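Written out below as structure tokens is the structure these notes cover.
Number of protein chains: 2
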Amino acid sequence: LRDLEEKTPRSYPLPPRSKKNEVLQEDLRTPDNHVERDPRLIRLTGVHPFNVEAPLSDLYDEGFLTTKDLHYVRNHGAVPRVEDNDMLDWEFAVEGLVERPIKMTLRDLISDYEQVTYPITLVCAGNRRKEQNVVRKSKGFSWGAAGVSTALWTGVSLGDLLARAGPKRGAKYVFFEGADKLPNGYYGTSVKLGWAMDPERGIMVSYKMNGEPLHPDHGKPLRIVIPGQIGGRSVKWLKRIVVTSAPSDNWYHIYDNRVLPTMVSPEASANLPDTWKDERYAIYDLSTNSAICYPAHNESVPVDLAVYKLKGYAYSGGGRRVGRLEVTLDQGKTWSLANITYQEDQYRINKDDETLYGGRVDISGRDASFCWCFWDLDIPMPQLQEAGDVMIRGMDDSMNVQPKDMYWSVLGMMNNPWYRVVIHKEDGMLRFEHPTQPALLPGGWMERVKKEGGDLTNGFWGDKISGQDNAA
Amino acid sequence: LRDLEEKTPRSYPLPPRSKKNEVLQEDLRTPDNHVERDPRLIRLTGVHPFNVEAPLSDLYDEGFLTTKDLHYVRNHGAVPRVEDNDMLDWEFAVEGLVERPIKMTLRDLISDYEQVTYPITLVCAGNRRKEQNVVRKSKGFSWGAAGVSTALWTGVSLGDLLARAGPKRGAKYVFFEGADKLPNGYYGTSVKLGWAMDPERGIMVSYKMNGEPLHPDHGKPLRIVIPGQIGGRSVKWLKRIVVTSAPSDNWYHIYDNRVLPTMVSPEASANLPDTWKDERYAIYDLSTNSAICYPAHNESVPVDLAVYKLKGYAYSGGGRRVGRLEVTLDQGKTWSLANITYQEDQYRINKDDETLYGGRVDISGRDASFCWCFWDLDIPMPQLQEAGDVMIRGMDDSMNVQPKDMYWSVLGMMNNPWYRVVIHKEDGMLRFEHPTQPALLPGGWMERVKKEGGDLTNGFWGDKISGQDNAA
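Keeping their order, the protein sequence lines are chains A and B. Using our numbering, the first residue of the first sequence is number -9, and each one after it goes up by one. Using our numbering, the first residue of the second sequence is number -9, and each one after it goes up by one.
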């Protein structure tokens, strides 16, 4: 697989060089003692299972494409062990409500189908969950804002595989199952068959990330990759694709990756199986989200700078593009328009027959957006100095705007209120404070305000009312 | 056309009987002096052109399907006059970047193509604009919350027409032009070709509404109907379908139906042609929205009732379904889940070959939602009596939630903050006050609060802060 790497110069971004890592000391006493990892990754669930994000600045600094070293990881259990020599013999099946069930190996997939390579942003549904956990503990661990990454994925369009198998009448869903055996069975989940058959959706069965065979944490040797949807649907270590008439009843499909109505408490949720099973609450498409990456948390800047360049990322879901990003320095009273860079569009202008890593880069005819974008805005330092905070919000091209208020829910997912960085004036410097820090790391204005007795849900970030007419 | 009306009993809603109306006195001295109309409709732009919505209660009371009598109308100018006898001879063209340009009549459309009938909700992008106008005057007239209606539309899938014409390489958009000549040319607008070819999007060329030939205000004899998108793309009095490589440069495509960034003022917008032309700000898909219909504005209810049933509507766009509706009686601190009725789903369970009004009702295999839904919630009267207001918000199945705050923009479109009804206690009665009344009609808490000096944008609906810790 490795000798398919590309050397030709390209008109679009290629990934930064990834590192040769080693098995880390802390992993030696876990089932993952065969997995080489980057020590910069922040562990969100203790040592094991491996759930990690990069430091937000490091993630941003890698640019549009993220290496395997810093790409976020969401593992439910031990990583299945697959030797390099066994990769091409990896077996998987396409079965269920199909005319011609298929049993095949990764070797067959590569030899018998057209290969494609797309840039795709994956996002954990829990991205920014720490903010929800500070407001009220949810049933999920504390992602910061780096549960998002972009890579070049190579593989086969799922629609091609399914077309060959031939969905039968009544087929409505596609279920994916991985090789990771967990307390409640193998990890598995389903999506709608219509999406799987829709080329605009770009769902693929992938065996290469950034031109290299999949890293064990990212599904070695084979996984599903679904653009525009939460990462939890992109099943890793793929063993079975099952066409069905109903959504999956896999435990992880029902009890994970849902936004239950906000009034359902963790306690009440234990006795509401019908609520959990209600497909309307299952998350598929991502919603509009954005974050400020620079200034970083605890970054300090001398006040005598002329200008500070704010920088960050944004994404939306279901193929929708983020059409605008707006910055406020006065808590939403006025807004400035940020510049947006859509590096994904650089892939659209290549020749139709261009291949990369053995796959056709055929997104020139596609309307849908599969990737995050970066935004920036120069702020004259005097303005920053006068402000108490700075916030970013995005709106996608379906005019879905990020809300000011948090929608708290029992799994703490899809958190997307305006991303707020507080500005402190200290000895001729401005120091910036992000909402939270990931995992159990202390820091951030949310914990601080809460500790000081502020009500984070008061509509003003727990502050005493500012900009309000209190003359009552 | 009329003898195609259906009499068989159905498992899904059929439209209420429409009335025989007359040309109204006030229309006699306008170019629309040939158009019969229902006097209940509220005129939003004086006598002419005809832009109207029904009283909100009347609209709700008609149920899932709206008659032509109460369906909202958005006309930019005079209604083209087409005699009944000339309808089938109406000529239109499919041209531009196609292999086989087509010139045809409505008669050809009916005889040469498969006919379909779907329930489709149309919504004006300006629905609820009056609320924006009270905050700050926009460049648009004052819709209340009844700029939305649902009907059974019969016609031909636009994709079928385009497939026969054969889009050429480089074709990316489809432009529609009407017969209504306006100060800036014929009304016209474009959408993406990919949508037009996607059966899930359901875009059609329609000549019947609720089983009757189109009423003149609704495009007699032929129009485009686009489910899930703003009404402004569903061109009426259709004359030309033009396949193109670029979005339309028609004046109405550029300078109407856009959500410009919020900081663009009416004054500044006059000198920002590039901003107007930025396709990212063009509105296509609807965003999540909802309203309270009962209690109606100024409805009074005795406090000794046991229970009051709140009722209203909701919709989203791009085929997305509203997955939840939540009611708050304490300004967002706590929420209750409303019941939702998806009458659209009753059309999904019919036989595959079922026809209605001469068109196949083939939505059983479709995932997308094309229609509004109704919600209701019983509130014990003591709770309503204690509350100062009641609000509804919806979230669609892509987890796009209605925001608390208004996103004001220069055209005042896509207004969708939580819909708020204020509760007044008066002499053993509760009296309810909606945000606004349509057009220049006085009434509503927004105008009242503004007149009293409240700042409607303070994050608390202009009220003095309530539920806040002011002990500073």
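Beta carbons are placed, not taken as given, at the ideal position from N, Cα and C, and that holds for glycine. Predicted model, so just to flag it, every value in this text is computed and none were measured.
Check: Can you check whether the C-beta of residue 382/B is within less than 8 Å of a C-beta belonging to chain A?; Outcome: no
Check: Anything in chain A within Cβ reach of residue 397/B, meaning under 7 Å, just list it in chain order.; Outcome: 391
Check: The beta strand (DSSP E) that contains residue 447/B, what's its start and end?; Outcome: First-last for residue 447/B: undefined, no H or E at that position.
Check: Report the residue from 102/A, 302/A, 55/A and 400/A whose alpha carbon sits nearest the alpha carbon of residue 7/A.; Outcome: 55/A
Check: With a 10 Å radius around its C-beta and 16 neighbouring C-beta atoms as the bar for buried, classify residue 453/A as buried or exposed.; Outcome: buried
Check: Is there at least one Cβ from chain B nearer than 8 Å to residue 8/A's Cβ?; Outcome: no
Check: By the three-class DSSP mapping on this structure, what secondary structure does residue 39/A have?; Outcome: coil
Check: Give the single residue among 114/B, 77/B, 362/B and 88/B whose Cα lies nearest to the Cα of residue 99/B.; Outcome: 77/B
Check: Exposed or buried, which one is residue 279/A when buried takes at least 16 other CB atoms within 10 Å?; Outcome: buried
Check: Helix, strand or coil for residue 307/A per DSSP?; Outcome: coil
Check: Taking the C-alpha atoms as reference points, what is the distance between residue 287/B and residue 292/A?; Outcome: 55 Å
Check: Please identify the residue among 392/A, 109/A and 45/A whose C-alpha is closest to the C-alpha of residue 345/A.; Outcome: 109/A
Check: Can you list the alpha helix (DSSP H) stretches of 4 or more residues lying completely in the stretch 246 to 326 of chain A, in chain order?; Outcome: 256 to 259 and 263 to 267
Check: Is residue 369/B helix, strand or coil when you go by DSSP?; Outcome: strand
Check: Checking contacts by CB at 8 Å: is residue 488/B closer than that to chain A?; Outcome: Any answer about residue 488/B is impossible in this case: the structure gives chain B only from -9 up to 462.
Check: What residue range is occupied by the uninterrupted beta strand (DSSP E) comprising residue 94/B?; Outcome: 92 to 95
Check: Say whether the stretch 161 to 172 of chain B touches the stretch 225 to 235 of chain B, bearing in mind that this needs 3 or more beta-carbon pairs closer than 8 Å, one atom from each stretch.; Outcome: yes
Check: Residue 182/B touches chain A at which residues, Cβ-Cβ below 9 Å?; Outcome: 357
Check: Would you identify the three-state DSSP class for residue 170/B, choosing helix, strand or coil?; Outcome: strand
Check: Which stretch, first to last residue, makes up the beta strand (DSSP E) that contains residue 213/A?; Outcome: 213 to 215
Check: May I ask you to report which of helix, strand or coil DSSP gives residue 12/A?; Outcome: strand
Check: Hey, how far is the Cα of residue 112/B from the Cα of residue 204/B?; Outcome: 15 Å
Check: Show which residues of chain A have a CB atom less than 9 Å away from the CB atom of residue 129/B.; Outcome: Ordered by position in chain A, no residue passes the 9 Å Cβ test against residue 129/B, which lies about 17 Å from the chain.
Check: Do you know how far the Cα of residue 106/B is from the Cα of residue 140/B?; Outcome: 16 Å
Check: Would residue 473/B count as contacting chain A if we go by Cβ distances under 8 Å?; Outcome: Nothing about residue 473/B can be reported from this structure: the residues present for chain B run from -9 to 462 only.
Check: Suppose you measure from the CA of residue 137/B to the CA of residue 370/B; what does that come to, to the nearest Å?; Outcome: 31 Å
Check: With 16 as the cutoff for other CB atoms within 10 Å, does residue 430/A come out buried or exposed?; Outcome: exposed
Check: Can you tell me where the beta strand (DSSP E) holding residue 123/B begins and where it ends?; Outcome: Counting along the chain, residue 123/B falls outside any beta strand (DSSP E), though it belongs to the alpha helix (DSSP H) covering 119 to 125.
Check: Going by beta carbon distance, what residues of the same chain come within less than 6 Å of residue 285/B, once the five residues before and after it are set aside?; Outcome: 422
Check: Against chain B, with Cβ distances strictly below 8 Å, would residue 252/A count as a contact?; Outcome: yes
Check: Apply the 10 Å Cβ neighbour rule to residue 145/B and answer buried if 16 or more other Cβ atoms are within range, or exposed otherwise.; Outcome: buried
Check: For residue 460/A, does the count of other Cβ atoms within 10 angstroms reach 16, so buried, or fall short, so exposed?; Outcome: Bear in mind that a pLDDT of 40 at residue 460/A, under 50, signals an unreliable position, so the model cannot answer this.
Check: Can you say whether residue 104/B is buried or exposed, counting buried as having 16 or more other CB atoms within 10 angstroms of its CB?; Outcome: exposed
Check: Taking the alpha helix (DSSP H) that residue 441/B falls in, what are its first and last residues?; Outcome: 435 to 441
Check: Would you kindly report the start and end of the unbroken alpha helix (DSSP H) that includes residue 196/A?; Outcome: Residue 196/A -> not in any alpha helix (DSSP H); beta strand (DSSP E) instead, spanning 194 to 199.
Check: Per DSSP, residue 88/A forms a beta bridge with which residues?; Outcome: 157/A
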